[in-house]
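Trainee:
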Amino acid sequence: MLKSNIKLTILFLLAIFSFSKINAQAWDVPADKKAKNSYIKFDENTAKEGEAIYTKNCVSCHGNPGKANNLKTLNPIPPDLGAAKTQALTDGELFYILNTGRGAMPSFKNTLSEEERWKTISYIRSFNKQYVQVVSKTDPTKSKLVKIKLDVDSLTNKIKVAVIANEIKGVVLLKDAEINMFVSRYFGKLQIGKTLRTDSVGCVLFDFPKNLPGDSIGNLEIVINVNDEIYGEIESINKVKIGVPTNKPSLTEKRAIWNVLKLAPWWIIITYTSILLGVGFILLLIIKNLFKIRKLGED
Amino acid sequence: MMDQSKKNKITSDLLKPIGITKTFHIWMGFLTLSLAVCLYAYMFQLDKGLVVTGLRDYVSWGMYISNFVFFVATSLIGMLISAVLGLSGVKWASPLARIAEIIALAFAAVAGLVIVSDMGHPERLLNVFMYGRLQSPIVWDVTVVTVYVLISALLLYIPLIPDFKICHEKLVDIPKPLRNIYKLLSLNWKGTEDQEKLLKKSVWILSILIIPVALAIHTVTSWLFASTSRVGWDSTIFGPYFVTGAFVSGTAAVIIAMFFYRNSYKLQDYITELHFDKMGKLLVLVSLVYLYFNLNEFMVPGYKMKKFDATHLHALFAGRYAIMFWLVQIVGLILPILFLLFGKMRKPLPMTVIAVAVLLGAWFKRYIIVVPTMEHPYLPIQNVPMNFKFYTPTLIETFVSLAPFILVLMIITILSKVVPIIPIQETIEHHEESK
Amino acid sequence: MCEKEDNSKNKSRREFLQNIGIIGLGSVLAGSAIFAGFNYDRKKTNAQRIKVLTAENELLEIDKNDTTKVARFKAENLTFLQKRGREGIKGKRWVMVVDLSKCRNARKCMSACQNAHHLRPEQHHINVLKMQESKGTPPFYMAKPCQHCDNPPCVAVCPVDATFKRPDGIVLIDNERCIGCRFCIAACPYSARVFNWAEPLNSEEDKDLTYDVELNVPQRKGTISKCLFSADRLREGKMPYCVSACPNGVYYFGDENEDAVTNGTTKETVRFSKLLEDNAGYRLMPELGTEPRVYYLPAKNRTSPYEDKDKPEASEHLDSSHA
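Residue numbers (numbering that gives the first Met the number 0), protein chains in the order written: chain A, 0 to 298; chain B, 0 to 434; chain C, 0 to 322.
What follows is the structure in structure tokens.
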């Protein structure tokens, strides 16, 4: 009892302390992101899994929630996530901060899966006894019903993405779903344009860059990522011939002073060889002379 | 026709040094012992790695490479005396030609060993022949040093043919196999007009050939440095700068050799004060040319003091290397020029002392060319121990560096014990002509 | 006329003759150097070649002889690794972008690299330097790996083709071939190379490992080591050790042919050309014409200020770059 009182006092002091410091600029989170909720129900297990992720990725700067051992030398100061100020944010806001990062804080959008990101938030929330979770309406089991269609206009370099769901009751057009377009690259996915939302007929139009290198005939692997409030997250991979055909020669093709012997510049090969042959010839001549001298002296 | 007694005297005088004396034993014993110590140091290096040297990642070339440059440099003198002076008909130089050739051969042959001592994997030397890239100046260097050793050996041997004949005839009380070797090497020399003609022609061809080859060995050696973009090395005059410097150290080496041969082999009648006088003047000439190149090499960047050049030049002129730098320039170059302008200084003893100063200066000059540049890379030297930033040679390294000098002395000593170091036949001819 | 002969005199004459013999042999060898070199290369190209699919789904063309060896003997793996190491990864041109504005001198890159390549603490394939271009300009931290130049001065001077440039742009070092002459150290203007002066750190533990030229492990006494762009990791689709270890998002790594680089910390993939364009990317010492494959983004709007105590010491007044 006493212990938790001390804890509260520290939290309180910390809250004051953080206000007294130069206040970090508040996060400007769009309204729709702010309202986003987790499709995972937070419980002890998710918090425990979240703790593991937190320890690996967050603790070095933010410290342990409620312990006020965050790294105060940084600017802006990474807040103690157990503090009241952080806990006052919505789940959507925390999710957004985790996704985008700012300043010294990296974005975790590509390094943690959505599930992992929610579990991290679950861990942070476990320090707030007053917290009551609002679970989103998403039903991940329905994601199988979703079909993504691509329509490529190679003349204008536009790609139309249509998203539908084949429900038993009939085809549903996914309205207002979040669509991200990526191109696969060797180490990750390159996002094309911004995140868009489907229109009233479940469609969205992407402007595709004209100068993106593809394979030798211009094929690109296009990844469409759909995020719908009800159907959850769906991804489809498509091979589309919309890139610039790329056949860059190997970097070691040309004759160069730094290349292998076989690809040495001609002037070096010719100069070296002819000098060596020339000197060799003269030396042979001298040796021949010596033999002649010897022969001349024979009785 | 010169009288027979005079001819006999020349022959006997010049053959006298051949043969083993007690001094020779002591001297060779001393050299062998010293060499053994140095080889022990080298075995230690082979076992532990180059960590036993003062070399580290930044200054990765040091004493060994300076030594290599010095050896190649000194070997160039063979070309200057026997070829350049010989071809231009300078008569006084001909008795010195063989000494110069012996020095050239010894220094050039040993230079190859010096570079091996610097290698991290000496047992992989054959890789240079198996996988050699023609684009690498090291491959050019290996080729051209080998060719130079070959030509120098021929240029030493061919004029020796008539003398081998004399050795075979006159040295009657030496063991038979040895006499037979002399006979074999004399190539049935009879001194006929045809033989004479062939011999002269061969020497003439080699004398011409050795000029570009000798220029090449030191130019290519200078390119080991000039082919990089480091401050102090990135210079267009490095080739001639090295070649002219080579003549200075080579001339000094020949002067020292002359002095020792003259005194220990009692050759005062053959290596005369005239020779010293002429060599002194030659040393002044080559030193002046070298001084001129030094002026260019340091004055031009020193005037502009560009950022990186300034760091380097500061270390040479007023920093860590200032004492060595100014000693080399003043005691090793400027003062010798001034002293040797006076006839009194061109006498054997004072001139030999000066030549020693010049030769020492020449060695340290190579050190100054190699080491300070490596201490001044473009990017800062950080996150390494202190001994990575500044180079100090270790004792082991010094011993290993001494080995090539001992080897050169051994080769020179042995050669001068098996061949007459003053050409007998030529000396006789000269006397006949002057009569 | 002549003093008495004895054995040692005999000996000294013999030595002299031996000397001449050795010199002669050496010259003949030198003369055939070029010949041998050409022959070696020809032999390589004439060998019967077949295609094999590796465990990493790489289609490789290798000598027919090698396949049986690879399948049967572990020791012969070396041949395979060497061949693979020289051929590189087809169709790639690796690039690295170092965002100096994000560097906070955490040095995780340095330690990850030293662990991966079994280096001593003073051996740096990548080194984080405190830089100050000139008096009065602000200091900054600069991570400096090998620049993997497209016109590499180190490779140019190598006498034995031990260090070489691959078709995918990586400059590697083969310590099975290296003779330890250190000409490459002299030639590199970026001080990117290190030498194994003593027995390497893990030589005892590593002695049974098959040498992988893409990792340069086991390290070998008397040979060069250098940054390899973690060629072994790239084959697995992973980013280099240093890039992945950075906690601050300093490094981007990718394929120039794809015009994309991925941040090692955030894993965010961006267009390479746009990243350079938006941030005024540059390369080190462009005036030397080395054409590095490492690009830098200037140290502006730094997230952590460079503290005064970190400024290069006065004695390190040569601490500066050409930037």
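Note that CB positions come from ideal geometry on N, CA and C, so glycine has one too.
1. Since G280 of chain C is in the beta strand (DSSP E), which residue starts that stretch and which ends it?
2. If you scan the segment 239-303 of chain C from start to end, which runs of the alpha helix (DSSP H) of 4 or more residues do you find wholly inside it?
3. Starting from L250 of chain A, follow its DSSP beta bridges and name the residues at the other end.
4. Consult DSSP for E132 of chain C and reduce its assignment to one of helix, strand or coil.
5. Under DSSP, the beta strand (DSSP E) around M409 of chain B begins and ends at which residues?
6. If you follow the alpha helix (DSSP H) that K5 of chain B is in, where does it begin and where does it stop?
7. Give the range of the beta strand (DSSP E) segment to which E297 of chain A is assigned.
8. From the DSSP secondary-structure annotation, give me the bridge partner or partners of M424 of chain B.
9. If I measure Cβ to Cβ from K287 of chain A and keep anything under 6 Å in the same chain, skipping five residues before and after, which residues do I get?
10. From the DSSP secondary-structure annotation, give me the bridge partner or partners of T162 of chain C.
11. Quick one: using the 10 Å Cβ neighbour count with 16 as the cut-off for buried, is A259 of chain C buried or exposed?
12. Comparing C-alpha positions only, which one of A:I163, A:V170, A:Y53 and A:R293 sits nearest to V203 of chain A?
13. At the level of alpha carbons, what is the spacing between G48 of chain B and V58 of chain B?
14. Between which residues of its own chain and L183 of chain B is the CB-CB distance below 6 Å, once the five residues before and five after are set aside?
15. What does DSSP give as the partner residue(s) for N210 of chain A in the beta ladder?
16. Name, in chain order, the residues that DSSP records as bridge partners for C323 of chain A.
17. Looking at chain C, which residues of the segment 225-255 of chain A have a Cβ within less than 8 Å of any of its Cβ atoms?
18. Could you tell me which chain B residues have their CB closer than 8 Å to the CB of D160 of chain C, listed as they occur along the chain?
19. Report yes or no: is there a C-beta of chain B within less than 8 Å of the C-beta of L276 of chain A?
20. Answer yes or no: do I172 of chain C and S243 of chain C have a C-beta to C-beta separation smaller than 8 Å?
21. In the structure shown, what three-state DSSP assignment does A110 of chain B receive?
22. Using three-state DSSP, classify A321 of chain B as helix, strand or coil.
23. Taking C-beta pairs closer than 8 Å, name the residues in chain C that G48 of chain B reaches, listed in chain order.
24. For a test of the three-state rule: what should DSSP assign to T45 of chain A, helix, strand or coil?
25. Closest by CA to A142 of chain C, which one among C:G168, C:S202, C:Y295 and C:N300?
26. Rounded to whole angstroms, what is the Cα-Cα separation between I178 of chain A and I147 of chain A?
27. When DSSP builds the beta bridges, which residues end up paired with M104 of chain A?
28. Bridge partners of Y140 of chain C, per DSSP?
29. Using only alpha-carbon positions, find the residue among B:T10, B:I410 and B:L287 that is nearest to H167 of chain B.
30. Check D46 of chain B in the structure and name its three-state DSSP category.
31. Looking at chain A, is there any beta carbon in it that lies within less than 8 Å of the beta carbon of E267 of chain C?
32. Starting from L282 of chain B, trace the alpha helix (DSSP H) both ways and give me its first and last residue.
33. Answer with buried or exposed for R176 of chain C, where buried requires no fewer than 16 other C-beta atoms within 10 angstroms of its C-beta.
34. So which residues on chain A does A244 of chain C lean against when the C-beta distance must stay under 8 Å?
35. Since E325 of chain C is in the alpha helix (DSSP H), which residue starts that stretch and which ends it?
36. Identify every run of the alpha helix (DSSP H) within the segment 78-145 of chain B, keeping only runs that are complete inside it and at least 4 residues long; order them along the chain.
Mentor: Let's see:
1. Unbroken run through G280 of chain C: none, as it is neither H nor E.
2. 240-244 and 271-278
3. Looking at the DSSP output, L250 of chain A bridges to nothing.
4. Coil at E132 of chain C, not helix or strand.
5. Premise fails: M409 of chain B lies in the alpha helix (DSSP H), L394 to V417, not in any beta strand (DSSP E).
6. Q3 to L14
7. First-last for E297 of chain A: undefined, no H or E at that position.
8. This sequence places Gln at residue 424 of chain B; Met is not what is there. According to DSSP, which records beta bridges pairwise, Q424 of chain B is partnered with nothing at all.
9. Residues of the same chain with their beta carbon placed closer than 6 Å to that of K287 of chain A are lacking, with the five preceding and five following residues left out of the count.
10. Secondary-structure assignment with DSSP links T162 of chain C through a beta bridge to C:I172.
11. Answer is buried; the Cβ neighbour count reaches 16.
12. A:I163
13. 16 Å
14. none
15. DSSP output for N210 of chain A lists no bridge partner at all.
16. The requested residue 323 of chain A does not occur in the structure, where chain A is confined to residues 0 to 298.
17. T245, K247, S249, L250, T251, E252 and A255
18. Result: Y130 and R132.
19. no
20. no
21. helix
22. Looking at A321 of chain B - three-state DSSP - the assignment turns out to be helix.
23. N195, W196, A197, E198, K220 and G221
24. helix
25. C:Y295
26. 10 Å
27. A:R101
28. The partner list for Y140 of chain C (beta bridge, DSSP) reads C:K129.
29. B:T10
30. helix
31. yes
32. E272 to K303
33. buried
34. Those within 8 Å of A244 of chain C in chain A number zero; the least Cβ separation is about 13 Å.
35. This structure cannot settle anything about residue 325 of chain C, because the visible part of chain C is limited to 0 through 322.
36. Runs of the alpha helix (DSSP H) inside the segment 78-145 of chain B: 96-116 and 126-129.
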